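Working notes, beginning with the structure itself.
Number of protein chains: 2
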Amino acid sequence: MGWGDLGAFGEPSKETPNLDQMASEGMLFLDFYTASPLCSPSRAALLTGRLPVRNGFYTTNAHARNAYTPQDVVGGIPDSELLLPELLKKAGYINKIIGKWHLGHRPQFHPLKHGFDEWFGSPNCHFGPYDNRALPNIPVYRDWEMIGRYYEDFKIDLKTGEANLTQIYLQEALDFISRQQASQQPFFLYWAIDATHAPVYASKHFLGSSQRGLYGDAVREIDDSIGKILKHLQKLGISENTFVFFTSDNGAALISAPKQGGSNGRFLCGKQTTFEGGMREPAIAWWPGHIPAGGVSHQLGNVMDLFTTSLSLAGLQPPSDRQIDGIDLLPAILQGKLIDRPIFYYRGNEMMAVRVGLYKAHYWTWSNSWEEYSKGIDFCPGQNVSGVTTHTQEEHTTLPLLFHLGRDPGEKYPLSFASDEYQGVMERISVVVQQHKETMVPGEPQLNVCDKAVMNWSPPGCEKLGKCLKPPKSDPKKCFWPH
Amino acid sequence: MGWGDLGAFGEPSKETPNLDQMASEGMLFLDFYTASPLCSPSRAALLTGRLPVRNGFYTTNAHARNAYTPQDVVGGIPDSELLLPELLKKAGYINKIIGKWHLGHRPQFHPLKHGFDEWFGSPNCHFGPYDNRALPNIPVYRDWEMIGRYYEDFKIDLKTGEANLTQIYLQEALDFISRQQASQQPFFLYWAIDATHAPVYASKHFLGSSQRGLYGDAVREIDDSIGKILKHLQKLGISENTFVFFTSDNGAALISAPKQGGSNGRFLCGKQTTFEGGMREPAIAWWPGHIPAGGVSHQLGNVMDLFTTSLSLAGLQPPSDRQIDGIDLLPAILQGKLIDRPIFYYRGNEMMAVRVGLYKAHYWTWSNSWEEYSKGIDFCPGQNVSGVTTHTQEEHTTLPLLFHLGRDPGEKYPLSFASDEYQGVMERISVVVQQHKETMVPGEPQLNVCDKAVMNWSPPGCEKLGKCLKPPKSDPKKCFWPH
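Residue numbers (the UniProt record's numbering), protein chains in the order written: chain A, 1 to 483; chain B, 1 to 483.
Listed below in structure tokens is the structure:
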């Protein structure tokens, strides 16, 4: 989902009454970011509070590539990483993930081995084509075992776009919340739905309900679901005791537009890129009785902050034996403070750009290769900023391209290298970048090796369902990451 | 000002608390348009309820050109046109214009000859360079006589951007409202400020107050002023008896970006073009106790509707002896109804495009000429949609380019000509266009002839101030309209 997909963020159809109301009752974050322009690394960062280059969710197979966890990837979240639910457990929290895990699908990466107590959802994304021959259909798990597969037992009609998955995920959420409230146990619910990921789907009731086509239908269903979750919290009388945060894991995938693509508002490009459209996200914090209603924050935020902020809410300290990139947002949320901190934009292990205050400096620019672009793969459709949305990897490390995101949110007008403003700002930014690079200890890259043998051929539980498939012989290879 | 310039419309700095509050107390129009991508024709349409091609505010000097009223234009609003204040007078209204008139500056076009009772402001725009030799500085009038000139008596510091004009215009508005309330007379106030027109200015208090630079400072000052006007109405106890509408006369001028240009959100291109960015506007209706708070309307609206709607509010009928293009929006505003009506996008006397429902068909496309573009004049900076943002005038009258503005607000993906959707929709649209063209009776074009002798050399009152300048000999020529 992109920054511009909600009514509160200026989507011209304004079809998200529940999220807009959540914003008007809570706090809107206008400068909130993902940790990566792609899903898996972003989710790994959210749960570890650490940049993907630290927690291993990146590749070094080629320069500055986005990588994720398709079925044949061998890696996943390392045991050495401490995930938010592992830490919350110490404070008595019951933790559940509903939806897409995406931190590795081999047995050692199972969410219940990394702090979650319950899981309902899938290890990988629901897109295909899957045929159970070259690529097995993605399994859906309940806790330790699979209970079916997408397209087989959990239908997604690619022709009509109909699927009732969001409804199932919603029911799971409501049930879990009810159970926790009844047992009076504190809980962490990671509601990681994926309805706006292509192939986009919505349940029958929402099909055709949006001006925006199927993508809008999916957004409406998510909006409606979140409204139901918030009302459920209120009905159970625990809303003033429950912190809720809404955001997304990367910008809207403009390659899926116009039928299945969302909106990054007026920002440049989309998913897969380190321009604002790829990484700036809609974000709303909600906690009645604590967060002043109708608040708006310009705090530079990041999904990694949800790690540290959640620990803070639970009265816990973040681990001190490792670098944590997420900061505690509570002073910004509860007292309206502005905490000075940079935002780093990575592709693989390359720091492409950094934001400090209202300024953003690009050290590398790249949309995608000419080769891909010539095949019609366009991460910036209808947009073309000369020397910025480049189709070759352009290095600007000696003279970074500098933008003022207040005057120029669309990254169209680099500041003149000769200007006093450029000189003064780059002096400040250089210190930040130097410090960041000097103290950077990259983790072991997890997304370098692929092997068809590790796919979801025979997930635990498959035998009970008669759904075990025979894996091919192991043949590990370097994964190919085109962009 | 552009569609994307207000917080309520998704401007990422969210610096318009007063207009956002006006929206939350009133009704937000998401699909509201100007009658022209340029100022004068749009303002003439607002006050006459008629398309510029009918009321004469267009040129036929070349094909599909935007024209306005610079100082040397000979034409202006014809006596045969009936302006909103002329009609409101019949219902006892006192009418005042504050700010930019732009409907002609020669004596016969004076606003007090066209229904206004009071005027404080200028006949033309404040931009320059004016030198009192080739181009006289623009006069500022109080009612019948000039009381000074821009840059001389009404300072605009082009270096710092400082000017307290908006404050003067605000004070005029507050005073007028107080007087009308005291005398218990119904009033029509046309508050036609121009602070966001380049060269952009703001008063000292607002300079540097915005994340967005000088343009944002100007927006903040306008926002603050509107907040003060609304509070004034409330303080005087007449807010429930006063209908207020906020909108602009064309999309943001992207050629002035990033320092002095606004935002059209995610829409294509800007001022001067018939893409959405050139003509879709922020629009808010406010009338406490009558308009449901927090309303959002998808009614296709147009500045011309303010003519008909205002008459309706005053209990008057629109003239029946001529074609009126504006519709009465009260059913949309008060009862949430959706009235079926098309939006026409004109450049000169050429209908470039039409919107019917969520579909927009382009019969002609043009941004500007290659010649201008090569000089750096770019109405679509950073945007380039192949075959759409064309630099030659492209005719599509046999196979119009069709867009679905719900799925594709950015006009990036024309529908396939072969699709059923295209065929079905174009059948509907063709009927609308045919009817429109068949019944179109263009007015006498007012913006064809220019003559330096008609400039503001010696406006009435200049002799009292010693500010009369000697006009050159009359030498009428065809005006040159480059785009």
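Quick reminder that beta carbons are idealized off the backbone N, C-alpha and C, glycines included. These figures come from a predicted structure and were not determined experimentally.
Item to check | Limits of the unbroken beta strand (DSSP E) element including E118 (chain A) | outcome: E118 to S122
Item to check | Short Cβ contact (8 angstroms threshold) for Y58 (chain B) with P41 (chain B) | outcome: yes
Checklist entry - Which residues in the same chain have their Cβ closer than 8 angstroms to the Cβ of H436 (chain A), if we skip the five residues on either side of it in sequence? => result P342, F344, M351 and V354
Checklist entry - So, helix, strand or coil for L84 (chain A), using DSSP? => result helix
Checklist entry - Is L38 (chain A) near the ligand HEM, with its Cβ less than 7 angstroms from a heavy atom? => result Summarising the ligand content, the structure contains no ligands, and the ligand HEM is consequently not present.
Checklist entry - Do the region 378-386 of chain A and the region 250-264 of chain A make contact, defined as three or more Cβ pairs closer than 8 angstroms? => result yes
Checklist entry - What is the C-beta distance between P123 (chain B) and W144 (chain B), in whole angstroms, given that I count them as a contact (C-beta under 8 angstroms)? => result 12 angstroms between Cβ atoms; not a contact.
Next on the checklist: If the cut-off is 8 angstroms on Cβ atoms, which residues from the region 206-226 of chain B count as contacting chain A, listed in chain order?
Outcome noted: S210, Q211, R212, G213, Y215 and G216
Checklist entry - Could one say the Cβ of Y346 (chain B) lies closer than 8 angstroms to chain A's Cβ atoms, at least one of them? => result no
Checklist entry - Which partner residues does W364 (chain A) have in the DSSP bridge list? => result A:E395
Next on the checklist: Since N250 (chain A) and P471 (chain A) should fall inside the 8 angstroms C-beta cutoff, what is the C-beta to C-beta distance between them, to a whole number of angstroms?
Outcome noted: Rounded, the Cβ-Cβ distance is 30 angstroms, inconsistent with contact.
Next on the checklist: Using a Cβ-Cβ distance cut-off of 8 angstroms, determine whether G148 (chain A) contacts chain B.
Outcome noted: no
Checklist entry - Between which two residues does the beta strand (DSSP E) containing residue 489 (chain A) stretch? => result Because chain A here runs from 1 to 483, residue 489 (chain A) falls outside it and cannot be looked at.
Next on the checklist: Any beta carbon of chain A sitting closer than 8 angstroms to that of L19 (chain B)?
Outcome noted: no
Item to check | Contacting residues, own chain, Cβ-Cβ under 8 angstroms from S369 (chain A) (five flanking each side not counted) | outcome: H391, T392, P482 and H483
Item to check | P41 (chain B), DSSP secondary structure in three states | outcome: helix
Checklist entry - Thinking C-beta only, is Q211 (chain B) closer than 8 angstroms to E463 (chain B)? => result no
Checklist entry - At a CB-CB cut-off below 9 angstroms, which residues of chain A make contact with F29 (chain B)? => result Residues of chain A passing the Cβ test: none, with the nearest at roughly 11 angstroms.
Checklist entry - By the 10 Å Cβ neighbour count, where 16 or more other Cβ atoms means buried, how is E172 (chain B) classified, buried or exposed? => result buried
Item to check | F9 (chain A): contacting residues in chain B (beta-carbon distance under 7 angstroms) | outcome: G10
Checklist entry - Just reading off the beta strand (DSSP E) that Y346 (chain B) is part of, what are its end residues? => result I343 to R347
Next on the checklist: Judging by CA-CA distance, which residue of A:Y422, A:V303, A:S474 and A:D451 is the nearest neighbour of G49 (chain A)?
Outcome noted: A:V303
Checklist entry - Between G216 (chain B) and L46 (chain B), what straight-line distance do the alpha-carbon atoms span, to the nearest angstrom? => result 26 angstroms
Item to check | Runs of beta strand (DSSP E) wholly within the region 226-300 of chain B (minimum 3 residues, chain order) | outcome: 244-246, 280-286 and 295-297
Checklist entry - Out of A:Q184, A:Y130, A:Q181 and A:S203, which has the shortest C-alpha to C-alpha gap to T166 (chain A)? => result A:S203
Item to check | Span separating the alpha-carbon of G128 (chain A) from that of K360 (chain B) | outcome: 34 angstroms
Next on the checklist: Using DSSP's beta-bridge definition, name the partner residues of N302 (chain A).
Outcome noted: A:Y33
Next on the checklist: Looking at S248 (chain A): is its Cβ nearer than 8 angstroms to the Cβ of L170 (chain A)?
Outcome noted: no
Checklist entry - Opposite C125 (chain B) in the DSSP bridges: which residues? => result In DSSP, C125 (chain B) forms no bridge with anything.
Checklist entry - Any beta-carbon of chain B closer than 8 angstroms to the one on G262 (chain A)? => result no
Checklist entry - Roughly how far, in whole angstroms, is the beta-carbon of L469 (chain B) from the beta-carbon of W457 (chain B), given that I think they are within contact range, below 8 angstroms? => result 4 angstroms
Checklist entry - According to DSSP, is Q383 (chain A) helix, strand or coil? => result strand
Checklist entry - Of all the options B:G301, B:G326 and B:A293, which has the alpha carbon lying nearest to the alpha carbon of T308 (chain B)? => result B:G326
Next on the checklist: Against L358 (chain B), what residues of chain C qualify as contacts under a CB-to-CB distance less than 8 angstroms, listed in chain order?
Outcome noted: Of the chains in the structure shown, none is chain C; the protein chains are A and B.
Checklist entry - Do you know offhand how far L300 (chain A)'s Cα is from F32 (chain A)'s? => result 6 angstroms
Next on the checklist: Strictly below 7 angstroms CB to CB, what residues from chain A border S13 (chain B)?
Outcome noted: G406
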